[in-house]
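Input: a single structure, listed below in structure tokens.
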Amino acid sequence: MNVLRFLRGCKFNEEKTKNKLINYYTMRSQLPEWFGNRDPELPQLMELLDMGKAYPKKQAVYSVFLPLRHHDYEGHLVVIVRTAVHNPQVHQQSDVFKIGKMIVDLCMEEDEMFSVYGVVALFDLTGVSLGHAKQLPPSVIRKAVHAWQNCFPVRIRKMEFFNAPVHVNVVLNIFKRFMTEKLRQRVHIHSKGLESLQDVVKPELLPQEYGGSNGTLKQLI
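Quick note: the sequence shown, position 162, residue 162 per UniProt numbering, numbers continuous.
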């Protein structure tokens with residue numbers, strides 16, 4: 001792991017950088033369900049990578065976690081996270097997290113701006129069900145928030161939740177309990193369509209399925 005990425009993420013504060021490095025490697029050693037056996041050709045991972053798609057597997061790497069083609073005008077990497085694209089009765093949430101973290105690692109390796117400017121995460125909650133919510137008990141939510149907040153060398157600039165049914169607030173409120181006040185202020189919920197989302201990310205950066213003009217999801221995948 002490139003130490004410079006951690007320095008950037010901690011604004012070159014050496015003490016914070018040291019603590020984040022310790023947290024990062026401790027997390028990786030203590031959570032084998034997320035970081036162990038990361039072979040992308042494992043059947044359960046390939047299903048998630050190709051989620052519902054008939055495209056060649058090598059083109060379906062970002063089917064759950066979709067980085068947009070271009071950074072926003074502040075240099076942030078923008079990603080769409082399709083949180084309910086998997087079937088909770090078939091797929092384990094730990095494998096969904098594993099895929100996401102594999103792709104985060106890939107983005108860090110291939111896109112230097114990711115660690116320099118940070119990320120804007122757009123969470124598409126279309127299709128979220130009680131089954132999905134049951135996969136996220138407080139113990140798992142706490143680990144997920146800790147990973148982003150205290151371990152990864154990437155700054156979260158915005159977390160935008162859209163297509164959100166009312167009951168999703170119950171789960172999101174649990175997420176917020178484990179966040180710092182600073183991160184809580186960066187969480188926004190869009191419950192009335194996509195228009196307000198386009199105030200956050202310009203339409204020319206978004207795929208057509210999200211009201212934009214920058215290609216389609218199929219082309220992103």
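Glycine is no exception: its CB is placed at the ideal position from the N, C-alpha and C atoms. Only a predicted model underlies this, so the values are computations on that prediction, with no experimental measurement involved.
Inter-residue spacing [alpha-carbon to alpha-carbon] between residue i and residue j
{"i": "Lys143", "j": "Leu220", "result": "29 Å"}
{"i": "Ile189", "j": "Gln208", "result": "21 Å"}
{"i": "Leu130", "j": "Ala84", "result": "11 Å"}
{"i": "Val81", "j": "Asn19", "result": "28 Å"}
{"i": "Arg70", "j": "Gly9", "result": "For the record, residue 70 in the displayed sequence is His; it is not Arg. So the two alpha carbons sit approximately 21 Å from each other."}
{"i": "Met108", "j": "Lys134", "result": "31 Å"}
{"i": "Lys101", "j": "Met159", "result": "17 Å"}
{"i": "Gln198", "j": "Asp39", "result": "36 Å"}
{"i": "Ile99", "j": "Arg28", "result": "14 Å"}
{"i": "Leu172", "j": "Thr17", "result": "28 Å"}
{"i": "Val200", "j": "Glu41", "result": "36 Å"}
{"i": "Asn2", "j": "Pro138", "result": "32 Å"}
{"i": "Glu110", "j": "Ile103", "result": "10 Å"}
{"i": "Gln149", "j": "Glu33", "result": "19 Å"}
{"i": "Thr26", "j": "Gln89", "result": "30 Å"}
Short Cβ contact (8 Å threshold) for residue i with residue j
{"i": "Val119", "j": "Val154", "result": "yes"}
{"i": "Leu194", "j": "Gly211", "result": "yes"}
{"i": "Leu48", "j": "Gln93", "result": "no"}
{"i": "Leu31", "j": "Val79", "result": "no"}
{"i": "Arg5", "j": "Ser115", "result": "yes"}
{"i": "Asn169", "j": "Leu125", "result": "no"}
{"i": "His76", "j": "Arg157", "result": "yes"}
{"i": "Leu45", "j": "Asp105", "result": "no"}
{"i": "Met113", "j": "Val145", "result": "no"}
{"i": "Leu21", "j": "Leu205", "result": "no"}
{"i": "Ser213", "j": "Pro203", "result": "yes"}
DSSP three-state assignment for residue i, whether helix, strand or coil
{"i": "Pro67", "result": "strand"}
{"i": "Arg28", "result": "helix"}
{"i": "Lys158", "result": "strand"}
{"i": "Val170", "result": "helix"}
{"i": "Val187", "result": "strand"}
{"i": "Arg82", "result": "strand"}
{"i": "Asp105", "result": "helix"}
{"i": "Asp50", "result": "coil"}
{"i": "Tyr62", "result": "Residue placement at Tyr62 is poorly supported in this model, since its pLDDT is 42, which falls under 50; the coordinates still yield a value, given next. The answer is coil: DSSP assigns Tyr62 none of H, G, I, E or B."}
{"i": "Asp95", "result": "helix"}
{"i": "Asp39", "result": "coil"}
{"i": "Val201", "result": "coil"}
{"i": "Phe175", "result": "helix"}
{"i": "Arg8", "result": "helix"}
{"i": "Lys57", "result": "Any reading at Lys57 must be qualified, since the residue scores a pLDDT of 38, below 50, and its modelled position is unreliable; the value itself is stated next. Helix at Lys57."}
{"i": "residue 223", "result": "Outside the modelled stretch of the chain, which goes from 1 to 221, sits residue 223, for which no answer is possible."}
In DSSP terms, what residue i is bridged to
{"i": "Leu77", "result": "Val119"}
{"i": "Asp124", "result": "Arg82 and Phe162"}
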